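Residue numbers (this note's numbering): 95 to 424. Don't be surprised by glycine CBs; every beta carbon is placed ideally from N, CA and C. These figures come from a predicted structure and were not determined experimentally. Worksheet: the structure to be examined is printed underneath.
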Amino acid sequence: MFALLSGLSALLLEALALWLLGTADSRTHPLAVVLLPHLAASALLALSALALMPALTARSRRASGLLMFALSAFIPGLGFAGIMAGLWIGRYRLAARRPRGLRTLELPALDPHQRERSGFHQTGAGGFLRNPRAPTPQRLKALVALQHVPGRVASPLLRDLLGDDSEDLRLLAYGMLDRKEKTLNAQIQAERQRLASARSAITLALAHTRLAGLYWELIYQQLAQGDLRTHAAESGLHHAREALALRPNGAGLYLRCGQCLLALGNTTEAEVAFEAARAAGLPDHRVLPHLAELAFLRRDFAAVRRLLAPLASWRGMMGVQKVAQFWSPR
Numbered sequence: 095m096f097a098l099l100s101g102l103s104a105l106l107l108e109a110l111a112l113w114l115l116g117t118a119d120s121r122t123h124p125l126a127v128v129l130l131p132h133l134a135a136s137a138l139l140a141l142s143a144l145a146l147m148p149a150l151t152a153r154s155r156r157a158s159g160l161l162m163f164a165l166s167a168f169i170p171g172l173g174f175a176g177i178m179a180g181l182w183i184g185r186y187r188l189a190a191r192r193p194r195g196l197r198t199l200e201l202p203a204l205d206p207h208q209r210e211r212s213g214f215h216q217t218g219a220g221g222f223l224r225n226p227r228a229p230t231p232q233r234l235k236a237l238v239a240l241q242h243v244p245g246r247v248a249s250p251l252l253r254d255l256l257g258d259d260s261e262d263l264r265l266l267a268y269g270m271l272d273r274k275e276k277t278l279n280a281q282i283q284a285e286r287q288r289l290a291s292a293r294s295a296i297t298l299a300l301a302h303t304r305l306a307g308l309y310w311e312l313i314y315q316q317l318a319q320g321d322l323r324t325h326a327a328e329s330g331l332h333h334a335r336e337a338l339a340l341r342p343n344g345a346g347l348y349l350r351c352g353q354c355l356l357a358l359g360n361t362t363e364a365e366v367a368f369e370a371a372r373a374a375g376l377p378d379h380r381v382l383p384h385l386a387e388l389a390f391l392r393r394d395f396a397a398v399r400r401l402l403a404p405l406a407s408w409r410g411m412m413g414v415q416k417v418a419q420f421w422s423p424r
């Protein structure tokens, strides 16, 4: 309302100044008579402009106001008209073309497979932990809450904290990572002992299958890095193939072989293994995402779209469904 009243007042005063300029005679000092309403109109126009366009003048309101006042005051007529035209274009024409800042969004669907078992949400805890300005006691609390978070999500956050300025956070993050790794390594050693003492084909196949899964967990939870990751992938592939030799119809073992081969960068053999898992009867929702990943690595986006299309209406895992819907043709 203030901007509208100021603009109308400025327009009326400028019109008064022009009328006085055309009607006053030389004996009444026409310059002084005209200047007063003209300067008042210029000042009101500058105030109106500042009120109408706060986003453009928020950082330098005084300089912007003085500039518009000077243009209107020292370039009579044209300066006033130019500022009015600029305000109209900037405020109404351009604003009408831009999308509105606020939109109505749908609430995200609830994923029944995600369960919050701590006071911190996984994503919120990650952002909070990475904030060095947050109080250390609260960051420690968020770090402790990561013990309820899946290893694949927690491990990268814990590794980021190994370089944190807080010694308490560094030590706790290192201890949590070390505990996760030691737990898996202890399970691997125990399974190796079972493998060494196994005598029947069934117990041998089970031991090899468990070892392949444990080595894959080291990779999946990002606990093995660099050469250790390569060793874990090679060991997992070896045990998966040994189990397949004893159980040729094990569809899940073909999948494990494909995962380890993909971790080793052998995409060609990985695709063969994934197709074998599919042919052995593994459900599409477990195989197609891996085949789509291989197609994406080849930059074959048409194949990605084709492979994910059957999963767009599958409601088993909402995360997979959302990815499939993203790739579905519009």
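Runs of the alpha helix (DSSP H) spanning 4 or more residues and lying entirely within the region 343–380 occur at 345–357, 361–373, in chain order. Separation of Ser260 and Thr361 (C-alpha to C-alpha, rounded to the nearest whole angstrom) is 41 Å.
Taking all protein chains shown into account, Gly352 has 16 or more neighbouring C-beta atoms within 10 Å of its C-beta and is therefore buried. Classified as buried, Ser166 has 16 or more neighbouring CB atoms from the shown chains inside 10 Å of its CB. Here Pro131 is buried: its Cβ has 16 or more other Cβ atoms, across all protein chains shown, within 10 Å. Across the structure, Tyr348 and Ala371 are spaced so that their CA atoms are roughly 5 Å apart. Two segments are said to touch when three or more pairs of C-beta atoms, one from each, lie closer than 8 Å; by this definition the region 325–334 does not touch the region 269–280. Apart from the 5 residues on each side of it in sequence, Ala334 sits with its Cβ closer than 6 Å to the Cβ of Ala306, Leu347, Arg350, Cys351 in its chain, given in chain order. Rounded to whole angstroms, Arg227 and Arg273 show a C-alpha spacing of 28 Å. At least 9 Å separates the beta-carbon of Leu263 from that of Glu285.
Counting other Cβ atoms within 10 Å of its Cβ, Phe368 reaches 16 or more and is therefore classed as buried.
When the beta-carbon positions are compared, Ala364 and Asn343 stay at least 9 Å from each other. Straight across, the Cα-Cα distance linking Ala339 with Trp421 is about 37 Å. Of the residues assessed, Ala157 falls on the exposed side of the cut-off, its CB having fewer than 16 other CB atoms within 10 angstroms.
Rounded to whole angstroms, the separation of the alpha carbons of Leu356 and Gln319 is 15 Å. In this structure, DSSP gives Asp321 a helical state, which the three-state scheme calls helix.
For Leu161 and Trp113, the gap between their C-alpha atoms comes out near 25 Å.
Distance from Phe163 to Ala137 at the Cβ level is roughly 6 Å; contact confirmed, criterion being Cβ atoms closer than 8 Å.
With respect to Leu376, Ala397 sits apart: the two C-beta atoms are not nearer than 9 Å. Cβ-Cβ distances below 7 Å link Arg288 to Ala301 in the same chain, with the five nearest sequence neighbours on each side left out; the list follows chain order. Here DSSP, grouped into helix, strand and coil, assigns Asp258 to coil. A buried status is given to Ile177, since no fewer than 16 other beta-carbon atoms sit within 10 Å of its beta-carbon. Rounded to the nearest whole angstrom, the CA to CA distance from Trp310 to Phe390 is 22 Å. In the three-state reduction of the DSSP assignment, Ile169 falls in the coil class, being assigned neither a helical nor a strand state. Taking Leu388 as the centre and dropping the five residues before and after it, the same chain places the C-beta of Leu356, Thr361, Ala364, Glu365, Phe368 closer than 8 Å to its C-beta, in chain order. In the DSSP assignment, Leu240 falls outside any alpha helix (DSSP H) and carries neither an H nor an E. By the 16-neighbour rule on beta-carbons within 10 angstroms, Arg304 is buried.
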